[in-house]
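Per our numbering, the very first residue in the sequence shown carries number 63; after that it's consecutive. Think of the CB as a built atom: it goes at the ideal place given N, C-alpha and C, for glycine as much as any other residue. A short worksheet on the structure shown next.
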Amino acid sequence: MADFPVEGWSERSTCPRAFATMIFVVPLRLSKFNREPWVSKPKLGKPVRGSRTGKAAMVFLDLLGRRWVLRIIWEFQQRERMSFNELQARCGGISPSVLSQRLRDLCDNKLMRVEETGWYSLTELGKELGGPLATLGEWTKRWAKELGRSKS
């Protein structure tokens with residue numbers, strides 16, 4: 063038998079495991095329609111990125127760390143309610159599928175709601191988040207100054 067460069071390949075193999083994985087599994091993970099299929103929705107008590115425990119702080123930080131979530135929350139601090147299209151325009155560059163997923167994540171975690179008219183707005187919990195985010199923003203300004211001084 064000849065040596066083949068990929069493990070699992072042989073002269074008799076018609077569809078070796080490595081080839082099948084490359085053809086069928088990788089496209090599912092990298093599909094343009096679902097770029098994060100192996101990342102579960104952040105839920106209390108369920109493991110999230112960086113934590114197996116699913117404790118509230120870790121679930122919350124996982125949610126805030128997802129692409130565009132902070133920008134979406136920021137936009138709603140500037141304006142109380144918006145339609146999907148208006149929010150997409152204000153975020154600039156976010157795809158409809160990602161925006162839809164992020165809004166779903168925020169609604170599932172009770173930070174945002176969909177009104178009867180189809181417009182989106184922050185819940186009371188979501189509005190309360192504005193204060194800590196503003197405090198964090200002030201802290202990051204002091205932090206950036208300190209980093210600037212240490213580089214000099």
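Would Arg-175 and Trp-130 qualify as a contact pair, given that the criterion is a beta-carbon distance under 9 angstroms?
Along the sequence shown, one-based indexing puts residue 175 at 113. Along the sequence shown, one-based indexing puts residue 130 at 68. Taking 9 angstroms as the Cβ cut-off, Arg-175 and Trp-130 do not qualify as a contacting pair.
Starting from Arg-175, follow its DSSP beta bridges and name the residues at the other end.
Working through the sequence shown from its first residue, we reach residue 175 at position 113. Paired residue(s): Ser-183.
By alpha-carbon positions, which one of Trp-205, Met-144, Leu-187 ends up nearest to Gly-180?
As a working mapping, residue 180 is identified with position 118 in the sequence shown. Per the Cα distances, Met-144.
Should Asp-170 be labelled buried (16 or more other beta-carbon atoms within 10 Å of its own) or exposed?
Locating residue 170 in the sequence shown gives position 108, where the first residue counts as 1. Flag for Asp-170 reads exposed.
Between which two residues does the alpha helix (DSSP H) containing Arg-152 stretch?
On the sequence shown, residue 152 is found 90 positions in, with the first residue counted as 1. Element bounds for Arg-152: 146 to 153.
If you follow the alpha helix (DSSP H) that Glu-137 is in, where does it begin and where does it stop?
Counting from one through the sequence shown, the residue named residue 137 turns up at place 75. Here the alpha helix (DSSP H) through Glu-137 covers 131 to 140.
Label Leu-158 either buried or exposed according to how many other C-beta atoms from any shown protein chain fall within 10 Å of its C-beta, with 16 as the threshold for buried.
The residue given as residue 158 occupies position 96 in the sequence shown. As written in the sequence, residue 158 is Pro, which differs from the Leu given in the question. By the neighbour-count rule (16 or more Cβ atoms within 10 Å), Pro-158 is not buried but exposed.
By Cβ distance below 8 angstroms, which residues in the same chain neighbour Trp-136 in space, the five residues on each side in sequence not counted?
As a position in the sequence shown, residue 136 is number 74, starting the count at 1. Taken in chain order, the residues that qualify are Leu-195.
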